[in-house]
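Quick note: the sequence shown uses the numbering used here, first residue 561, plus one each step. Glycine included, each C-beta is placed from N, C-alpha and C at the ideal position. For clarity, every value in this text was computed on a predicted model and none was experimentally measured.
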Amino acid sequence: MPTSEDSVTNKETCMPGIHLEQQKEMVEHKKGRCWCCWETCETRENALIRVCHGCKDPDLQFIHQQCIDAYLSKLPPREHDPVDLNMNNQHWDLNHVPRQERVVRFSCSRCKDAYTVYEKPVALITAVMHDAYLSRAVLLLLLSTSVVFLSCSYSWYYETFVVPQKLIFDVWLPFGRSFQLGLTFFAGLMLCLCYFLCVFTYYLLKDFFKSEVSRHVRASV
């Protein structure tokens, strides 16, 4: 039967809605509060860690692994020391980033202790999918291009094999003017426009996310 002390521990250090036995498996021992989200819960996947030893305030000693990783990943690109550039001693170039981790150093803003941070570039598709609105817009563009491509293919097939003549429709202009346009030709123009938009969007997103990185902090020992 849980005691009042267990209830206090459950309230202060564990997640609500989870049995005390499950919480004890998730939390090895009581630590300080996360100085980023101010939660005291931790799991094996998101442990409370210390990234510096200079801070003596209990409320500033521990932080969740995911909190510190997300915080540092959102910081702008830093100048890299050629000595600490990466494990393979390759040149750091933002325009051409090899797909491996680099060891970079950040420091605590309070005690100035150094953090050991592993940094690697984020793939373009990963960066896009992390933004809900942007990913939906890209998917809508790809879907529209696919529909136009199928329409163009069907109109060409229909004019070539079903009806041995071109499908023509009138396009009306202001002041009562008009001209005739072939359906397959019009579908081809729309397909070229969609293709141009896809290529333009790709290079625009590539330039926008060229400095996007994922950083992982190693716990201080």
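Let me confirm a value: residue i is counted as buried when at least 16 other C-beta atoms fall within 10 Å, else exposed. Which label applies?
i	result
G614	exposed
P636	exposed
C754	buried
A697	exposed
I685	exposed
R662	buried
Y690	It is His, not Tyr, that sits at residue 690 in the sequence shown. Burial call: exposed.
R775	buried
F768	exposed
F739	exposed
C594	buried
L733	exposed
Rounded C-beta distance between residue i and residue j? I'm assuming under 8 angstroms.
i	j	result
Q626	N606	5 angstroms
L765	V688	6 angstroms
L543	F709	In the structure as shown, the chain begins at 561 and stops at 781. Residue 543 is therefore absent and cannot be evaluated.
S715	L743	5 angstroms
C668	I628	Actually they are not in contact, since the Cβ atoms of C668 and I628 sit about 11 angstroms apart, beyond 8 angstroms.
A779	V664	With 8 angstroms as the limit, A779 and V664 do not qualify as a contact, their Cβ atoms being about 16 angstroms apart.
L741	F729	6 angstroms
P681	E772	7 angstroms
T761	L701	6 angstroms
L608	V777	Not really, about 13 angstroms apart at Cβ, beyond 8 angstroms.
Going by DSSP, what residue range makes up the alpha helix (DSSP H) through residue i?
i	result
R696	692–717
L765	743–768
Going by DSSP, what residues sit across from residue i in a beta bridge?
i	result
S669	The partner list for S669 (beta bridge, DSSP) is empty, contrary to what the question assumes.
K680	S774
F735	Answer by DSSP bridge pairing: none, since F735 is not bridged.
I728	G742
C594	F622
V723	The partner list for V723 (beta bridge, DSSP) is empty, contrary to what the question assumes.
A674	S667
Is the Cβ of residue i closer than 8 angstroms to any Cβ of chain B?
i	result
R670	Absent from the structure: chain B. Only one protein chain is present.
Exercise. Quick one: which unbroken alpha helix (DSSP H) runs of 4-plus residues sit fully inside the region 603–640? Chain order, please.
Key: Fully enclosed alpha helix (DSSP H) runs of no fewer than 4 residues occupy 625–633 of the region 603–640, in order along the chain.
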